[in-house]
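Q: Protein chains in written order, with the working numbering: chain B, 1 to 10; chain Z, 1001 to 1215. What follows is a structure written as structure tokens; I'll ask about it next.
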Amino acid sequence: MEHSSGKDEL
Amino acid sequence: MNIFRLAGDMTHLASVLVLLLKIHTIKSCAGVSLKTQELYALVFATRYLDIVTDFISVYNTVMKLIFLGSSFSIVWYIRHHRVVRRSYDKDQDTFRHYLLMIPCMLLALFVHEKFTFKEVMWTFSLYLEAVAILPQLVLLQRTRNIDNLTGQYVFLLGAYRGLYIFNWIYRYFTEPHFVHWITWIAGVVQTLLYADFFYYYFESWKNNVRLQLPA
């Protein structure tokens, strides 16, 4: 699932 | 994942480990602002709401657990540990941090990517993290002697988001979708708030003198 930008960051 | 973001996460991890080391080994939180620690615990609690719903990677989940665990345990140490809490200077750590929370929540209710509970909470955490260091910086200016560990803690905490800025620039040029502008504007504001601390930190390091912020 393509994460909305920035949500895969801490 | 890129080298800038990994360096940023490792710097952030180092900052919480330095602080935990200071508090756990020398049983002292002198010079540490409880208000900033409480704000950071709230930042992680509102940012990592998706820790149970969205699995991104083992690394991501482990780091979230470390940041949540360390920030809440630091707050517990300063508030409740029978030895550590005696070294907490509540007369100096007087920043009214709810005056930071309220504007951040209002801003998140009006300026966000989409109006859902998780998204507003996530945006609130970005705004709050940008200003969370203020009570700590105010405390440093009041307490004349800044011990090395506290200085290193603040330096690493400021550096991590600065490295994230390079990560956002890198992602902008290498990925189809770029990181939302709210994220990097909050990150730039956050890093700028450390600007004068960085200046005095490097000055003290260059001249090999004790770190002192101007009153």
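Ideal Cβ positions, reconstructed from N, Cα and C, are used throughout, including at glycine.
1. Along the chain, where does the alpha helix (DSSP H) that runs through residue 1167/Z open and close?
2. For residue 1002/Z, which residues in chain B fall below 7 Å Cβ to Cβ?
3. For a contact defined as C-beta to C-beta under 7 Å, what are the partners of residue 1005/Z on chain B?
4. Considering Cα atoms alone, identify which of 1105/Z, 1081/Z, 1115/Z, 1133/Z is closest to residue 1095/Z.
5. Give me, in chain order, the residues of the same chain whose beta-carbon lies closer than 6 Å to that of residue 1124/Z; leave out the 5 immediate sequence neighbours on both sides.
6. Quick check on the DSSP output: the alpha helix (DSSP H) that includes residue 8/B runs from which residue to which?
7. Under 7 Å from any heavy atom of the ligand PLP, does the C-beta of residue 1048/Z make it?
8. Compute the beta-carbon to beta-carbon distance between residue 1011/Z and residue 1137/Z, rounded to the nearest angstrom, for a pair I have assumed lies under 8 Å.
9. Any beta-carbon of chain B closer than 8 Å to the one on residue 1056/Z?
10. Spatial neighbours of residue 1146/Z within its chain, please: CB distance less than 8 Å, with the 5 preceding and 5 following residues excluded, ordered by chain position.
11. Going by DSSP in three states, residue 1086/Z sits in which element: helix, strand or coil?
12. List, in chain order, every chain B residue whose beta-carbon is nearer than 7 Å to that of residue 1183/Z.
13. How would you label residue 1144/Z, buried or exposed, when you count the other beta carbons within 10 angstroms and need 16 or more for buried?
14. Going along the stretch 1062–1074 of chain Z in order, which residues come within less than 8 Å of chain B, judged by CB to CB distance?
15. From the beta carbon of residue 1060/Z, is the nearest beta carbon of chain B less than 8 Å away?
16. Hey, could you find the ends of the alpha helix (DSSP H) residue 1101/Z is sitting in?
17. For residue 1182/Z versus residue 1113/Z, is the C-beta distance shorter than 8 Å?
18. Inspect the CB distances between the stretch 1190–1202 of chain Z and the stretch 1036–1050 of chain Z and report whether three or more fall short of 8 Å.
19. Could you tell me the alpha carbon to alpha carbon distance between residue 3/B and residue 1057/Z, rounded to whole angstroms?
20. Within its chain, find whatever has a CB closer than 7 Å to the CB of residue 1202/Z; leave out the 5 residues flanking it on each side and keep chain order.
21. Spell out a yes or no on whether the stretch 1007–1024 of chain Z and the stretch 1148–1164 of chain Z are touching, meaning 3 or more CB-CB pairs, one atom from each, closer than 8 Å.
22. Is it true that the CB of residue 1135/Z sits closer than 8 Å to the CB of residue 1093/Z?
A: According to the structure data:
1. From DSSP, the alpha helix (DSSP H) with residue 1167/Z extends over 1148–1174.
2. Neighbours of residue 1002/Z on chain B: none; closest Cβ ~11 Å, over 7 Å.
3. The answer, in chain order, is 9.
4. Minimum Cα distance to residue 1095/Z is reached at 1133/Z.
5. For residue 1124/Z, the CB contacts under 6 Å within the same chain, skipping 5 residues up- and downstream, are 1046, 1104, 1105, 1108 in chain order.
6. No alpha helix (DSSP H) holds residue 8/B; DSSP gives it neither H nor E.
7. This structure does not include the ligand PLP; it has no bound ligands of any sort.
8. Between the beta-carbon of residue 1011/Z and that of residue 1137/Z there is about 18 Å, and that puts the pair past the 8 Å contact cut.
9. Closer than 8 Å to some Cβ of chain B, the Cβ of residue 1056/Z qualifies, so yes.
10. For residue 1146/Z, where only same-chain residues beyond five positions count, the Cβ hits under 8 Å are 1031, 1140, 1210, 1211, 1212, 1213.
11. Annotated three-state conformation of residue 1086/Z is helix, per DSSP.
12. 6, listed in chain order.
13. The residue is exposed, with fewer than 16 neighbouring Cβ atoms inside 10 Å.
14. Within the stretch 1062–1074 of chain Z, the residues whose Cβ lies closer than 8 Å to some Cβ of chain B are 1063, 1064, 1067, listed in chain order.
15. By this cut-off, residue 1060/Z is an interface position.
16. Per DSSP, residue 1101/Z belongs to the alpha helix (DSSP H) from 1098–1110.
17. In contact: residue 1182/Z and residue 1113/Z (Cβ atoms closer than 8 Å).
18. No: the two stretches stay apart, fewer than three of their Cβ pairs being nearer than 8 Å.
19. Confidence at residue 3/B is low in this model, with a pLDDT of 45, below 50, so its placement is unreliable and the value that follows should be read with caution. Distance between the alpha carbons of residue 3/B and residue 1057/Z: 12 Å.
20. In its own chain, leaving out the 5 sequence neighbours on each side, no residue places its CB closer than 7 Å to the CB of residue 1202/Z.
21. Cβ pair count under 8 Å is three or more, so yes.
22. Cβ atoms of residue 1093/Z and residue 1135/Z: closer than 8 Å.
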